[in-house]
Every structure is written in C-alpha cells, then in structure tokens.
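**Q** Can you keep this structure in mind? I'll have questions shortly.
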Amino acid sequence: MDINFPKHKRVAHSLALFVLPAFCVLVGLVFMGVNLWLSVFLSFLAVGVTFFLRIYRYRRHHSKFLDCFGKSIKNSYFYQSEYAIGAVPFENKFLSCSARIDGDNLLFGRSRHFRSVELGKIIDIEILQCLGHEVAKLEIEDSKDSRPLFIPWSPLLAEKVKFSNGT
7 MDINFPKHKR
17 VAHSLALFVL
27 PAFCVLVGLV
37 FMGVNLWLSV
47 FLSFLAVGVT
57 FFLRIYRYRR
67 HHSKFLDCFG
77 KSIKNSYFYQ
87 SEYAIGAVPF
97 ENKFLSCSAR
107 IDGDNLLFGR
117 SRHFRSVELG
127 KIIDIEILQC
137 LGHEVAKLEI
147 EDSKDSRPLF
157 IPWSPLLAEK
167 VKFSNGT
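What follows is the structure, encoded as structure tokens:
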C-alpha cells in the first residue's frame, strides 16, 4: 500500500476544537445553571456530533459523485492487491481515496464504495500537485458528471500506465 496524505495542520479547526467546547461549558454554567461535568459532557457531545455530520455529508456527496463513473465492484475484490491511498480534492475539501490498476481496469474509490473503469475509456490523465503530493485528474469518456475525477497518484500506478501524447 502506498500512502499519500498531506502533512499539514489546520490551525482554525484545531483552535475550534478547544474554544468551542469551552464556550459551551461557560454558557451552560452561567446562563443555564447546569452542573460543570454535565456542561462539559454536553458541549463535547454537541461538538462531536456536529463534526461527525459534516464529515458524513461530504463522504455521502463524494460517494454519489463516484457513481457517475464506471461500474461498482466489491470491497474484497479491490483489496486483493496493492493499492495507493491519498487525499484528493472534492468540493473545496480533501477526502481520502484509493486507487489501483488491475489488468485493463482502473479501480478507485473509498471504503464500501469502489468503482471500476476500463483504461481505454480514460480520455486524459493530468498529474497535478495537491498539498505536496501528486494526484491524477482524469477525464473519462462515458462520465455522467462534468466535474473531473481525482485519484491519488503514485509510482505503483505510474509503472502500470503508459503515457502517449499526454494521455
């Protein structure tokens, strides 16, 4: 497995993880007269549920986006061989995605939602830098969506794909 994740930290999100619960505890104590421990528990629970729902929403949108490409395959089939995993851009966020090549097919997607596309149906492959790592921007012939598909790129995939005239 080739792992290709960025090594950056988002200060605003880290700060929110500390400031938001503290603010909720303060509000619970001052305005509602709630016990300190109950206020701490409820504030962390509220923040945890909020972050979970935000992540779940983007994962669901990404899964629907992947349905526009190729055909569905089973998880067990995808994990039978070595694959690359990395962060790819999607709707101004970065989500994890896996990719591997099996014969004449490109297999890609995320856990419980993998897809397969024939290599012959890929019109264009453009290698880009994303958060310090390489990702491949793909244009696929029969896609139902006009947005490009991004997959993690690695030497594992590069050795199996032959480029000719930019594709």
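The number in this note's numbering is simply the position in the sequence shown, starting from 1, with 6 added.
Glycine is no exception: its CB is placed at the ideal position from the N, C-alpha and C atoms.
#1: Can you tell me which of 141, 107, 79, 109 puts its alpha carbon nearest to the alpha carbon of residue 100?
#2: Can you say whether residue 55 is buried or exposed, counting buried as having 16 or more other CB atoms within 10 angstroms of its CB?
#3: Evaluate the contact criterion for the stretch 30-49 versus the stretch 69-81: three or more CB pairs, one atom per stretch, below 8 Å.
#4: Output the distance between the C-alpha atoms of residue 85 and residue 36, rounded to the nearest integer angstrom.
#5: State the start and end residues of the unbroken alpha helix (DSSP H) segment that holds residue 71.
#6: Buried or exposed: where does residue 89 fall if 16 or more other Cβ atoms within 10 Å of its Cβ makes it buried?
#7: Counting only the same chain and skipping the five closest in sequence on each side, list residues whose C-beta sits under 6 Å from that of residue 8.
**A** Taking the coordinates as given:
#1: 141
#2: exposed
#3: no
#4: 53 Å
#5: 42-72
#6: buried
#7: Note that residue 8 has pLDDT 49, beneath the 50 cutoff, so the model's placement of it is unreliable and no number is given.
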